[in-house]
Amino acid sequence: MQVTGKVVVVTGGANGIGKAMCEAFHREGAAKVVVADIDPDGARAVATPISGAAFKCDVGKEKDVHHVIEETERQFGPIALFCSNAGIGGGFDPLSVNAGGNSDEPWQRSWAVHVMAHVYAARHLIPRMKARGGGYFLNTISAAGLLSQVGSPAYSTTKHAAVGFAENLAISHKADNIKVSILCPQGVDTNMLRSIPKGPQSGDGDLSPEQVAQDVLKGLEQETFVILPHPQVLGYMRKKTENYDRWIAGMAKIQARMRESYGK
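Residues 794 to 1057 (our numbering) make up the sequence shown, in order.
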């Protein structure tokens, strides 16, 4: 897919990967880039220099996602690419003594933002895309959805669910010419990552949001399902599926090192 001349929506577009994607799509000649974010001032700050549009949107609320889709298409025309990019940290706690010990609230919020936001976008865009012969979804997930995130059960679990939904979306609507890509980086230099203390899990290096945005453009051009800005993730995936028990044991060692490091 080429974004030139297309209408593109990016949720979580006020900062980090979302901001970098908005700017990259503009440079590539998108007809209109719509910046949707729970922070309306931040969304406007990104949209104004790129002649885009800004909407306040809490992606965990279906009415907000529907409003962005409805108003974008009413004002600017059919959405060719919907980037469901917004995410939250999910309660990183390497010293937790119980993976299920958090209250329901962080689990429910993670589920709303990391899973249902993708569902809401599909629910309201699929009929429109089918009627006009196709479209594209880019869902920002994380390498945690393919591997895991030690110390953050809610984040990791909901990111796995997001991968599952994206797979089903791609399978169910391939015949409708609706394409799907998932963006699964490891560490990216964003506010979310900076809120987590560095530890043994940080050895593969952090990419800039701008680097990730360039990988997105390449992945969209090639229409590949899994976009991996950190190529080593593919090797980790292979090791995981080749011997799940060995992989679990290795991850448990990382968990132990993290507990030792953060417990000091």
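Just so it is clear, CB atoms sit at the ideal spot from N, CA and C, and this is done for glycine as well.
Buried or exposed (CB count within 10 angstroms, at least 16 for buried), residue i
| i | result |
| --- | --- |
| glutamine 994 | Its pLDDT being 48, under 50, glutamine 994 is placed unreliably in this model, and the value from its coordinates should be taken loosely. Burial call: buried. |
| serine 974 | buried |
| asparagine 961 | exposed |
| glutamate 1016 | exposed |
| glutamate 1014 | exposed |
| phenylalanine 1018 | exposed |
| isoleucine 934 | buried |
| glutamate 898 | exposed |
| valine 890 | exposed |
| glycine 870 | exposed |
| aspartate 834 | exposed |
DSSP-derived helix/strand/coil call for residue i
| i | result |
| --- | --- |
| serine 949 | helix |
| isoleucine 934 | coil |
| isoleucine 919 | helix |
| glycine 806 | coil |
| glycine 928 | strand |
| valine 800 | strand |
| valine 956 | helix |
| valine 912 | helix |
| proline 993 | Per-residue confidence for proline 993 stands at a pLDDT of 44, beneath the threshold of 50, marking its modelled position as unreliable; no derived number is given. |
Start-to-end residues for the beta strand (DSSP E) that takes in residue i
| i | result |
| --- | --- |
| leucine 976 | 971-976 |
| aspartate 830 | 825-830 |
Residue i: first and last residue of the uninterrupted alpha helix (DSSP H) it sits in
| i | result |
| --- | --- |
| valine 839 | 833-840 |
| lysine 1011 | 1002-1015 |
| glycine 1028 | 1025-1035 |
Closest residue to residue i among the options (Cα-Cα distance)
| i | options | result |
| --- | --- | --- |
| cysteine 850 | Ser844, Ile843, Val858 | Val858 |
| glycine 893 | Gly928, Pro1022, Tyr948, Asn878 | Tyr948 |
| glycine 845 | Asn891, Val852, Ala824 | Ala824 |
| proline 946 | Gly805, Arg925, Asn895 | Asn895 |
| serine 941 | Ile1041, Asp1008, Gln901, Asn932 | Ile1041 |
| valine 906 | Asn1036, Ile831, Lys972 | Ile831 |
### Every unbroken alpha helix (DSSP H) within the stretch 844-910, with a cutoff of 4 residues, ordered by chain
855-869, 897-904
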